[in-house]
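Following the numbering used here, the numbering of the sequence shown begins with 226 at its first residue and continues without gaps.
Step one of this worksheet: look at the structure below.
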Amino acid sequence: MMSIHKINILGGVALLLGLCGCQSGQQGTGALFQVLDAAQTGIDFENTIAPDDTFNLMDFEYLYNGGGVGVGDFDQNGLPDLVFTGNQVKSRIYLNKGNFEFEDLTDASGLNTEGLWCTGVSVVDINSDGLDDLYICVGGPLNESIYPNRLYINQGDNTFLEAAEAYGLADPSQSNQAVFFDYDRDGDLDVYLLNGGGFEKSAVTIRPMLTNGSGRNTDRLYRNDFDPALGHAVYTDVSREAGITIEGFGLGASILDANADGWPDIYVGNDYLSRDLLYLNNQDGTFTEAAAAYFGHTSHFSMGNSVGDINNDGHPDLFTLDMLPESYYRRKLMFGPSQYDKFQRALQYGYGHQYMRNMLHLSNGQGQYAEIGQLAGVDRTDWSWSPLIADLDNDGFQDLFITNGYGKDITDLDFVKFRKNAAAPFSSPDEVEQRVLKSLEEQPAISQPNYAYKNNGDHTFANKIKDWGFEAPTISNGAAYADLDQDGDLDLIINNIDQPAFICRNTLMERDTAAGRYLQVLLSGPEGNEKGIGATVKVYAGEQVFTRLQQPVSGFQSTVTDVLHFGLGQLTKVDSLTVAWPDGKKSTLLSTVTNQRIRAPYQTAVEVVTASSSRKAPLLKAGGAIPLHHQEPDYANDFKVQPLLQHGFTHQGPGMAVGDVNGDGLDDVVMGGAYGHDAQVMLQNTDGSFTALALPTKNYEDLGLLLFDADGDQDLDLYAASGGSERYAHHIHYQDRLYLNDGLGHFTLSTGRLPEMLSSTAAVAGSDFDADGDIDLFVGGRVVPGQYPKAPQSYLLQNNGGTFTEVTKEICPSLQTAGMVTAALWTDFNNDHQPDLIVVGELMKISVYQNTGAGLTDITDQAGLAQSAGMWNSITSGDFDMDGDTDYVAGNIGQNTPFKATPEHPLKLHYADFDQNGATDPVFSIYEEGAYYPLASLDLLTAQMPVLKKKVLQYKDFAQSTTSDMLNILETGEMQTLQCDIQATVLLENLGTGQFKLHPLPQLAQAAPVKGVVCEDLDLDGDPDIILTGNEYNTEVVTGRYDALMGLVLRNEGGLRFHPLSSEASGLQISGDQRAAVTLRKANDEMALLVSTNGGAARAYALPRSGQKLLAFEPGEVSALLTYEGGQQQKIECHFGGGYLSQSTRSLRLSPQAKEAVFYDNNGNPTRTLNILALKAEL
226 MMSIHKINIL GGVALLLGLC GCQSGQQGTG ALFQVLDAAQ TGIDFENTIA PDDTFNLMDF
286 EYLYNGGGVG VGDFDQNGLP DLVFTGNQVK SRIYLNKGNF EFEDLTDASG LNTEGLWCTG
346 VSVVDINSDG LDDLYICVGG PLNESIYPNR LYINQGDNTF LEAAEAYGLA DPSQSNQAVF
406 FDYDRDGDLD VYLLNGGGFE KSAVTIRPML TNGSGRNTDR LYRNDFDPAL GHAVYTDVSR
466 EAGITIEGFG LGASILDANA DGWPDIYVGN DYLSRDLLYL NNQDGTFTEA AAAYFGHTSH
526 FSMGNSVGDI NNDGHPDLFT LDMLPESYYR RKLMFGPSQY DKFQRALQYG YGHQYMRNML
586 HLSNGQGQYA EIGQLAGVDR TDWSWSPLIA DLDNDGFQDL FITNGYGKDI TDLDFVKFRK
646 NAAAPFSSPD EVEQRVLKSL EEQPAISQPN YAYKNNGDHT FANKIKDWGF EAPTISNGAA
706 YADLDQDGDL DLIINNIDQP AFICRNTLME RDTAAGRYLQ VLLSGPEGNE KGIGATVKVY
766 AGEQVFTRLQ QPVSGFQSTV TDVLHFGLGQ LTKVDSLTVA WPDGKKSTLL STVTNQRIRA
826 PYQTAVEVVT ASSSRKAPLL KAGGAIPLHH QEPDYANDFK VQPLLQHGFT HQGPGMAVGD
886 VNGDGLDDVV MGGAYGHDAQ VMLQNTDGSF TALALPTKNY EDLGLLLFDA DGDQDLDLYA
946 ASGGSERYAH HIHYQDRLYL NDGLGHFTLS TGRLPEMLSS TAAVAGSDFD ADGDIDLFVG
1006 GRVVPGQYPK APQSYLLQNN GGTFTEVTKE ICPSLQTAGM VTAALWTDFN NDHQPDLIVV
1066 GELMKISVYQ NTGAGLTDIT DQAGLAQSAG MWNSITSGDF DMDGDTDYVA GNIGQNTPFK
1126 ATPEHPLKLH YADFDQNGAT DPVFSIYEEG AYYPLASLDL LTAQMPVLKK KVLQYKDFAQ
1186 STTSDMLNIL ETGEMQTLQC DIQATVLLEN LGTGQFKLHP LPQLAQAAPV KGVVCEDLDL
1246 DGDPDIILTG NEYNTEVVTG RYDALMGLVL RNEGGLRFHP LSSEASGLQI SGDQRAAVTL
1306 RKANDEMALL VSTNGGAARA YALPRSGQKL LAFEPGEVSA LLTYEGGQQQ KIECHFGGGY
1366 LSQSTRSLRL SPQAKEAVFY DNNGNPTRTL NILALKAEL
């Protein structure tokens, strides 16, 4: 939550508030959930908040955080009972009598919280007597010593005895929640206490973090030490010795095994500037904080969080909540300047990459998480509190339910502005306070529907607010789920502010019992942990696996049912069920029918015998590291020059080129250097090691690199594209360069061989387009520094005996201003034996230029690509359907973005010198709610175009203004518009008729921008598979960096269908900001994958050996046609440059099924035919 005292904060947003609840439905409306009337249920609890002049948001910033919900069977009648915690009202307990009728037991139970500001509730059997007890956290203002947390011990007769002090749990730290778990695996339950106090210090000021445990707002870890004399546990504070020492404003905590080592780790969601934490269990009673190593970024104002397996891969995923509204109007009322410099300063102080939105962190099971919330469609649910992950429709996939809302909308920047200006001249402090309080009183509440999302089973979710009955606006906080009526579906319980609590009945089973079957599992754990807290239960059915973690404390300030619920779709039985108990033992139940509740006892557990793994070896083997490390200084900040940019241009490299530069028959590699750093030439030795040679290029930003024989002396020379935006447009150091090779791999800059080329370039691709026997070039202009998105100049360079002439105007005039080119590929798409050109770029179509023999003709629209404009990064060839022509993979920005472009409603970019000050002003426009609106905030627009400050005076006016409204007050006479029709990375199918068809690759391929692409048959089935790399870190700081791609292998299943492999199956796991991806022939005749990263080390992987000898393309050969045992024919092209800033080996790795290879030259003449079966026999 943002500070009301410090509005001008890191993310550039004002204080943000919001809550939401369950819609009051009527029988027969058809909604999945129906809220039941209090007269029927007997539950009349209402968490009423009554601020006044002496106690309000100005005094206590957590005034409207609300209370929690607890589920337990307190009277042991088999039905889930309920507890609601109250802030200014008493907490209450209700016994379930069946048929959704409850009895208020509060007054007779001994549960007395009168005068206590109660927050989180944990239901736990703390003394192992088989009865559910209650641990209630106490917060509120001025609560450092007088209101300790409460522990209510169940006496077994519907009464409770308060015993927090006796158990050592009377902690006064202004706690929000307590999570019970066995961190030391000694068989009893310890407790992690989440604290959120400490408001005497600013929560948003960038300063050194307290990491020594001295901060009052540091969480606590209590160890369970059984006292035989007392006959129960006494808890000991071991926080500092255990390493729980980092301060924060904690609002959510989850237990999960993040690194799959069998020991429980702790994820902590922290509000304000304090970053989220991941405490890794060291297995010795201590923890190490490691969030930055596991998560690329986190929520900024983290609220509640929950753990679940949203894609049924057996790994624990994490969902965290924040405050980003779905409504465009509300978003624009709260977003101010981006404050790039402040964000960078916070990074320097260790606060990490934090962005204001919900985050869905997808585990790869190998210790890394990909954040896909925007791809999944669950990133914006307003001021949110409790995320519940559960299968609400029994279809086999876990859905999401989210509460939201807040008592006052104090995130409205017009209100913030008023507060800043309230201190008028000669006003007394009392007058200022009264003026602000009056304005605060007039601010409306953020009362909105709670969110429900159905899991589509493909890493996306469908909004089901209406269909599932949650349209009623509410202010909701804590929530829980339980099968209240024991009918096989999960009901919801919600704690509201200033409104009665909701009991939301799930009507699934009564509507259609065939809609989805279920299995409910009740764990009978060992002594000291009778509920089996910390156990992982997996249900297996054929190839399917369904996973649940027994951790009832979940969401926000709440405890869900301890009965594990599995929705199973139409399965009538499951093959087996396993329980991995917290102590490492394992239980197995075989062949269980569904639609029942079963008990899994610990008594059947056995020690797990470690055996040799039966799992298949991964396709790619990491290792053979090449000592290539890229350094990226921060010399320039594009966002200072053009605040409206979505990304910068100073971090585009490094590119890589592979070839034999010293003539020893081994592949070497060249990697470009960033501005201020030299390029690196790595010569491969016969033992597979590499020797480095210097290549001074530090005055340039090396991007595209190309090794080819430029001067006809039979060695590989080097072309280097000079790019970036560190210097002003048309600076001399944007001149591209040609380095001549002495034959031993030593390169010398040759002047006078290239024409003047002062564009900031990136892509370079070579081909003999004039059929004279040497390599000519296309060089793509990337950006005009400071004038984005004006089209830079691109070049066609004709090789005339080693000197290059610019012939673009003669051969293809439209290529001169093709756009902001990122990649290009010379390819014979129509099999006429003439090299055609495909060019892609930012806000460009996939542009196809056909070689007519007399020049290049743009046939993009005729080829079916009229609506293919995208944010393209790369273009790579492969014959994926094995039909003898070349298909392509085009790497795009992906769908994990804050905007969603379609051909019907593209993302638009309007640009001109709108305010007539000599600078190009780029205005992005997004389609939402039936109209086009500016993507940027008002403050960002006025930073780019100060004239708007005089035209738009209030944020509410801007929030209601369309893009046309804004443009109407600017000078648009010279305006031009670019657009993006498609964001997906696609396979471009060659239909063989001069036409192409776009096929979006699977959802996981859309999780981040795709850059480097390699196509190889990895599983040796004859079909080319796809390796994707990418990401983009150099972005504006509101949406933040794109970092969800850790390398992805797509297995070709035939019919242009691709299946994403897990990191475990593929072996590919690459962290960092990935760029070029190339193949390289190793000295041992093994093919390697090499991936560069911006500002980091290159990563190398060995590809599987195919049992076939690697074949090298000879000079002059440009393609090969492979014939397979089944009669299929596959075309493979050998390129001088392609992908993203990439040039791969000229060696060919054959699939085992290949039997013949015919090689062709540039004119379509066969140069040689090889009997591969005979070659294989020679091996």
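From the three backbone atoms N, C-alpha and C, an ideal C-beta is built for every residue, glycine too.
Here the structure is a predicted model, which means the values were calculated and not measured.
Taking only three categories from DSSP, how would you classify residue i?
i	result
E666	helix
V834	coil
S1376	coil
K1356	strand
I1397	helix
R840	coil
F1149	strand
L1068	strand
S1291	helix
Y1204	The sequence shown places Gln at residue 1204, rather than the Tyr named in the question. Strand, per DSSP.
E1241	strand
S1189	helix
G1006	strand
Q1120	coil
S653	coil
T1077	coil
R582	coil
T1218	coil
P562	coil
K1236	strand
Y554	helix
Taking Cβ positions, are residue i and residue j nearer each other than 7 Å?
i	j	result
F1054	N1193	no
V785	S779	yes
T1111	Y1157	no
G1044	A1016	yes
T1052	G1066	no
I728	T266	yes
A467	L446	yes
So residue i and residue j are supposed to be a Cβ contact under 8 Å. How far apart are they, rounded?
i	j	result
K1307	A1313	5 Å
A990	L1050	6 Å
L419	S439	Not a contact, Cβ separation roughly 18 Å.
V834	T819	That pair is no contact at about 30 Å.
Y1442	L943	The structure shown does not extend to residue 1442, since the chain spans only 226 to 1404, so no value can be given for it.
N379	D409	Not quite, the Cβ-Cβ distance comes to about 25 Å (not below 8 Å), so this is no contact.
N437	T461	With 8 Å as the limit, N437 and T461 do not qualify as a contact, their Cβ atoms being about 20 Å apart.
**Item:** Contiguous beta strand (DSSP E) assignments of at least 3 residues, all confined to the stretch 656-729
**Value:** 672-674, 676-680, 686-688, 701-707, 716-721
**3 or more residues per run - each beta strand (DSSP E) lying fully within the stretch 394-475** = 400-406, 415-420, 445-452, 457-462
**Item:** alpha helix (DSSP H) segments (min. 4 residues) lying fully within the stretch 257-337
**Value:** 263-266, 331-334
**Item:** Three CB pairs or more closer than 8 Å across the stretch 533-551 and the stretch 1236-1253
**Value:** no
**Request:** Evaluate contact between the stretch 275-292 and the stretch 358-366, counting only Cβ atoms and requiring at least three cross-stretch pairs below 8 Å.
**Result:** yes
**Asked** How do the stretch 305-323 and the stretch 624-631 stand: do at least 3 beta-carbon pairs fall below 8 Å, yes or no?
**Response** no
**Asked** Which whole runs of the beta strand (DSSP E) in the stretch 784-836 are 3 residues long or more, in chain order?
**Response** 789-794, 798-805, 811-818, 821-826
**Asked** Is the stretch 542-557 touching the stretch 597-615 in the sense that three or more CB pairs, one from each, lie closer than 8 Å?
**Response** yes
**Message:** For the stretch 1353-1372 against the stretch 1077-1093, do three or more pairs of beta-carbon atoms, one drawn from each stretch, fall closer than 8 Å, so that the two count as touching?
**Reply:** no
**Message:** Whether or not the stretch 579-594 and the stretch 523-539 are in contact is what I'm after, with contact meaning three or more pairs of Cβ atoms, one per stretch, closer than 8 Å; do they touch?
**Reply:** yes
**Request:** Could you say if the stretch 255-263 and the stretch 660-671 meet the contact criterion of at least three C-beta pairs nearer than 8 Å?
**Result:** no
**Prompt:** Should the stretch 735-752 be called in touch with the stretch 331-340, which here means at least 3 C-beta pairs below 8 Å?
**Reply:** no
**Prompt:** Does the stretch 555-567 come close enough to the stretch 501-512 to have 3 or more Cβ pairs within less than 8 Å?
**Reply:** no
**Message:** Quick check: the stretch 704-723 against the stretch 1244-1254, are at least 3 beta-carbon pairs closer than 8 Å?
**Reply:** no
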